[in-house]
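Worksheet: one structure, shown below.
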Amino acid sequence: MPGLSFVPQVIVNGILFGSMYGTAAIGLSLIFGTMRIVFIAQGAVIVLFAYFSFWLFDKLGIDPYLSLIPIILVSLLIGAAFYYGLFKEAAALKDRIGSLLIAVGLMFFLENFMTVVWTPNPRAVVTSYGFYAFNIFGIHLTLTRLIGLLLAVLATVGVSTFLRKTLMGTAVRATSEDVEASTLMGINPDRVNAVTFAIGIGLAAIAGTTMATTYSFDPVYGFEFAIKALVALTLGGIGRVYGALLGGILLGLIELLGTFFVGAGWSQAIVFGVFLLTLIFRPYGLFGGPSEKV
Amino acid sequence: MKDKIDTYLKKDKRNISIIIIALVIIVFGALPFYSDVDSFFAYYLFLCLLYIILAQGWNLVAGYTGQISLGTHAFFALGAYTTAIIWLNDVTKTWYYFDPLVMIISGFVPAIFAILIGIPLLSRLRGDYFSFGTLAAAEVLRILILRGGTFTQGAMGLRLPAEGFTGMGIYYWTALLLAILATAAVYFITRSRIGLALRALSEDETSAASHGVHILRYKVLAFAIGSFFMGICGSLFAYYLFIVSPPAVMNLNWMFLPILICVLGGNGTIFGPIIGAFVVGALFSYGDVFVGQVHPMLSGILIILVMKFMPTGIMGLKDRIFARR
Numbered sequence: 037m038p039g040l041s042f043v044p045q046v047i048v049n050g051i052l053f054g055s056m057y058g059t060a061a062i063g064l065s066l067i068f069g070t071m072r073i074v075f076i077a078q079g080a081v082i083v084l085f086a087y088f089s090f091w092l093f094d095k096l097g098i099d100p101y102l103s104l105i106p107i108i109l110v111s112l113l114i115g116a117a118f119y120y121g122l123f124k125e126a127a128a129l130k131d132r133i134g135s136l137l138i139a140v141g142l143m144f145f146l147e148n149f150m151t152v153v154w155t156p157n158p159r160a161v162v163t164s165y166g167f168y169a170f171n172i173f174g175i176h177l178t179l180t181r182l183i184g185l186l187l188a189v190l191a192t193v194g195v196s197t198f199l200r201k202t203l204m205g206t207a208v209r210a211t212s213e214d215v216e217a218s219t220l221m222g223i224n225p226d227r228v229n230a231v232t233f234a235i236g237i238g239l240a241a242i243a244g245t246t247m248a249t250t251y252s253f254d255p256v257y258g259f260e261f262a263i264k265a266l267v268a269l270t271l272g273g274i275g276r277v278y279g280a281l282l283g284g285i286l287l288g289l290i291e292l293l294g295t296f297f298v299g300a301g302w303s304q305a306i307v308f309g310v311f312l313l314t315l316i317f318r319p320y321g322l323f324g325g326p327s328e329k330v
Numbered sequence: 027m028k029d030k031i032d033t034y035l036k037k038d039k040r041n042i043s044i045i046i047i048a049l050v051i052i053v054f055g056a057l058p059f060y061s062d063v064d065s066f067f068a069y070y071l072f073l074c075l076l077y078i079i080l081a082q083g084w085n086l087v088a089g090y091t092g093q094i095s096l097g098t099h100a101f102f103a104l105g106a107y108t109t110a111i112i113w114l115n116d117v118t119k120t121w122y123y124f125d126p127l128v129m130i131i132s133g134f135v136p137a138i139f140a141i142l143i144g145i146p147l148l149s150r151l152r153g154d155y156f157s158f159g160t161l162a163a164a165e166v167l168r169i170l171i172l173r174g175g176t177f178t179q180g181a182m183g184l185r186l187p188a189e190g191f192t193g194m195g196i197y198y199w200t201a202l203l204l205a206i207l208a209t210a211a212v213y214f215i216t217r218s219r220i221g222l223a224l225r226a227l228s229e230d231e232t233s234a235a236s237h238g239v240h241i242l243r244y245k246v247l248a249f250a251i252g253s254f255f256m257g258i259c260g261s262l263f264a265y266y267l268f269i270v271s272p273p274a275v276m277n278l279n280w281m282f283l284p285i286l287i288c289v290l291g292g293n294g295t296i297f298g299p300i301i302g303a304f305v306v307g308a309l310f311s312y313g314d315v316f317v318g319q320v321h322p323m324l325s326g327i328l329i330i331l332v333m334k335f336m337p338t339g340i341m342g343l344k345d346r347i348f349a350r351r
C-alpha cells in the first residue's frame, strides 16, 4: 500500500486527465443527442488531430497551442463534411445500426490510415516548456495539463453559451428534443446536424491537442478513448454539456484512484462496473433527472 | 379451380426450394471428399461457416428485435474459455475433444450470462443503452479473463492438448452442422409465436406491450438463444486454435464481423447472413493475401460504401430489382 500522502496528487491528476474525456464526451453527447448516432470513431478522430498537431510541431516547428487555431478551423470543416458525406441519410432515418456501422468503418479506415502514414509507434509532442511544473502544497502540476484543463473548461462554457444564447444553438436544442416538431417550425435539420457535427469534431480537435501535448498516443489508442468517452457521457447524462464534463472528470478520478488503490489492471473493471451500474440504476446520468435536457 | 392451381403451384414452389436447400447442403457436406480439406479454400469455407453461426446469433437479436448487441466477442470468448477450462480441469470426465456435452455446456454458459446481463439491460433501457451495456459487460469480462490468475492464465491464454488433431474434416462438418442448426433455429423461431412477438416488438414496442406481448421475456429469450450459438461457435474455434487467449478470441473483429455480415447480407432475413458471410469472408481472408497491410483500410471504406448505398443489404437489393419488374 503506497503512502496516503499521494492521494491528493492522484485526485488532481484524475481531474486533469478526466477533463480530456469530458471534452470528447461533450462532442459525443451533442452528436448523439441530435442525430442518435453513436459516433464510435470519435477516439480515432481525436488521435488524428493529435497527429496533425504532432506533424505541425515536428515538421514546421509550430507550437501546438498556436496550431490549435488552424486545426479547429479544419476540424469544423471536417465535421460538416462527415455529416454531409457520410451520415446524412442514416441520420434522417434515425438508422442506428447504419450510422454505427459507418462510424465503425470510419474508425477502421482512420486507424489503419494513421498506422500506414505515421507508423504504429507511440508519439508525443515534447515542447521546451513541456516539463515546466508548479508545486502547490506538495502537489506536482505540469503546465501543459493545466492548459488542458483550461481548454476543456473554456470549450464547455463556449458550447454551453452557444447552445443557450444563439439562434443556431436554440435550433440544435430544439432538434435534439424533437426532430419532426422542429422541422415543422421551419428549422432545417440538415444544417443543424451539420453544425452539431462540426462542433463535435471541433471538440475532438481540442481533446486531440491536449492529448498530443500531455500524453503519448498511437493509432489504435482511439477506440479505448472513445469507449471511455461513452462511459463519461453516460455518467453525465446524455444531452447535458456540463454533465458530460463532470462525467469525464469523475471517470478520470475513478480510473486513477482505482489504479492507485487496487492496481492498473483492475481499474478498468471498476470503470466498466460503475458504467454498468449507472446504466442499470441511473440511465439518465448521475446529475439531474430525466426531464432536463441540454 | 384457380385457387386449387394456385395452392398446387405454391406447394410446388416450396418443394423446389426444399430440394434446392437439400442439394446445397449435400454439395457442401460432400466437399471434403472431392476437394482438399487442408487447403486455403477449405479454411476460408470453415471461417465462413463460423461467421454464419455468429451472424445468425446476432441476426436473431438485431434483425428481429431491433436491439443492437455489441457483445458478440464476449459470448464467443466465454464459449471458448468454458471449453478450455472444462477440458484442462477435467470437469466432466468425458473425452473432451469434440465432445458434444462440452460443446453444449459451452453454449449454455454464455446463454446464462446473456440472461443475467439481459434482464437488467433490457428491462429499463432501450436501444443504445443496451448497446453500451453489452459493450461494457464484454470489457468487464475481458478484464476478468486477463486478471483470472491460473484459472485463465491472463494474457498468455490456455493451451489445449493437440494430440487428438487428425485433420480439418471434422471441423468443417461440425461447423456446417452448426451453421445449418443456427439457420434452422432462426427460421423456426421467426415463424413461431415467439417470432411473431419479436417482430411486433421491433415494429412498435409500446403497441406490442399493450397487446399483451411480454416484451422483456421475448427479448431476453432471443438474446439468450443467440448467445447460445455464439458460445458453441467459440467452443469450436477453441478446438481449432488449441490456444484460447484474449487476443485470439476476444478480438473486436468477432464483434464487428457478424454485424457487417448481417447488414451486408440483409438484416432480419434468413439468407442474408449466409450470403454476407461468404462475401465478407472472401473480402477479409483474400484481402489479407492480396492487398496485405492496406486491406483493413479498404474494409473500412467498404463498410461505409455499403451502408451509404445499400443499407438494406444484398437481400434488399434483390427485392428492389424484383419490385421494379
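Chains as they are written, first to last, in my numbering: chain H, 37 to 330; chain F, 27 to 351.
Glycine included, every Cβ here is placed at the ideal spot set by N, Cα and C.
A quick note: this is a predicted structure, and the numbers were derived from the prediction, not measured.
Cβ separation of threonine 249 of chain H and proline 158 of chain H, assumed to be a contact under 8 angstroms, to the nearest whole Å: The pair is not a contact, with the Cβ atoms about 14 angstroms apart (cut-off 8 angstroms).
Glycine 190 of chain F versus F/Trp121, F/Gly294, F/Ala210, F/Phe254, residue with shortest Cα-Cα distance: F/Trp121
CA nearest to the CA of leucine 96 of chain F, picked from F/Ile327, F/Ala140, F/Leu57, F/Cys259: F/Ala140
Contact check, threonine 178 of chain F vs leucine 184 of chain F, beta carbons under 9 angstroms: yes
Whole-angstrom distance between leucine 112 of chain H and valine 330 of chain H, CA atom to CA atom: Residue confidence is low: valine 330 of chain H scores 40 on pLDDT, short of 50, so the model does not pin down where it sits. No coordinate-derived value is stated.
Start-to-end residues for the beta strand (DSSP E) that takes in leucine 177 of chain H: 175-178
Exposure label - leucine 203 of chain F; buried when at least 16 CB within 10 Å: exposed
Where threonine 176 of chain F falls, given that 16 or more other Cβ within 10 Å makes a residue buried: exposed
Buried versus exposed, by CB contacts within 10 Å (16 or more), proline 156 of chain H: exposed
Proximity winner among F/Thr118, F/Tyr213, F/Arg243, F/Asn279, relative to tyrosine 77 of chain F (alpha-carbon distances): F/Asn279
Whether phenylalanine 25 of chain H touches isoleucine 327 of chain F by CB criterion (9 angstroms): Because chain H spans 37 through 330 in this model, residue 25 of chain H falls outside it and cannot be assessed.
Sequence-distant residues of the same chain with beta carbon closer than 8 angstroms to isoleucine 145 of chain F, five excluded per side: Leu242, Val246
Nonlocal neighbours in the same chain, by C-beta distance under 8 angstroms from phenylalanine 167 of chain H, ignoring five residues either side: Thr178
Coarse secondary structure for leucine 184 of chain F, derived from DSSP in three states: strand
Residues that threonine 331 of chain H contacts on chain F, provided the C-beta gap is smaller than 7 angstroms: Summary: the structure shown does not reach residue 331 of chain H, with chain H confined to residues 37 through 330, and so no result is reported for it.
Identity of the residues DSSP links to alanine 169 of chain H by a beta bridge: H/Thr178
Isoleucine 340 of chain F beta carbon near the ligand PLP (any heavy atom closer than 8 angstroms): This structure simply doesn't include the ligand PLP, nor any ligand for that matter.
Start and end residues, alpha helix (DSSP H) containing tyrosine 278 of chain H: 277-297
Simplified DSSP state of isoleucine 143 of chain F, which is helix, strand or coil: helix
Phenylalanine 253 of chain H, DSSP secondary structure in three states: strand
CA nearest to the CA of alanine 163 of chain F, picked from H/Ala116, H/Leu315, H/Asn224: H/Leu315
Straight-line Cα distance separating leucine 40 of chain H from leucine 287 of chain H: 21 angstroms
Exposed unless 16 or more other CB atoms sit within 10 angstroms - verdict on glycine 321 of chain H: buried
Beta-carbon contacts of tyrosine 366 of chain F that lie in its chain and below 8 angstroms, excluding the five residues immediately before and after: Coverage of chain F is limited to positions 27 through 351, which leaves residue 366 of chain F absent and any answer about it impossible.
Members of the region 285-306 of chain F near chain H, C-beta cut-off 8 angstroms: Ile285, Leu286, Val289, Asn293
Pair within 9 angstroms by beta-carbon distance, valine 195 of chain H and isoleucine 235 of chain H: yes
Three-state class that DSSP yields for valine 330 of chain H in the structure shown: In this prediction, valine 330 of chain H has a pLDDT of 40, which is less than 50 and means its spatial position is unreliable; what the coordinates show is noted afterwards. In the structure shown, valine 330 of chain H sits in coil (DSSP, three-state: anything other than H, G, I, E or B).
Rounded C-alpha distance that separates leucine 52 of chain H from arginine 181 of chain H: 6 angstroms
As assigned by DSSP and simplified to three states, the class of arginine 173 of chain F: coil
Minimum C-alpha distance to glutamate 291 of chain H - residue among H/Gln304, H/Gly279, H/Pro319, H/Ala280: H/Gln304
Outcome for phenylalanine 75 of chain H when other beta-carbon atoms lying within 10 angstroms are tallied against a minimum of 16: buried
Environment of leucine 104 of chain H [buried if 16+ CB atoms lie within 10 Å]: buried
Exposure label - glutamate 229 of chain F; buried when at least 16 CB within 10 Å: exposed
Neighbouring residues, chain H, relative to valine 166 of chain F (Cβ below 8 angstroms): Ala305, Phe308, Gly309, Leu312
Helix, strand or coil at arginine 159 of chain H [DSSP, three-state]: strand
Bridge-paired residues (DSSP) for isoleucine 269 of chain F: F/Arg185
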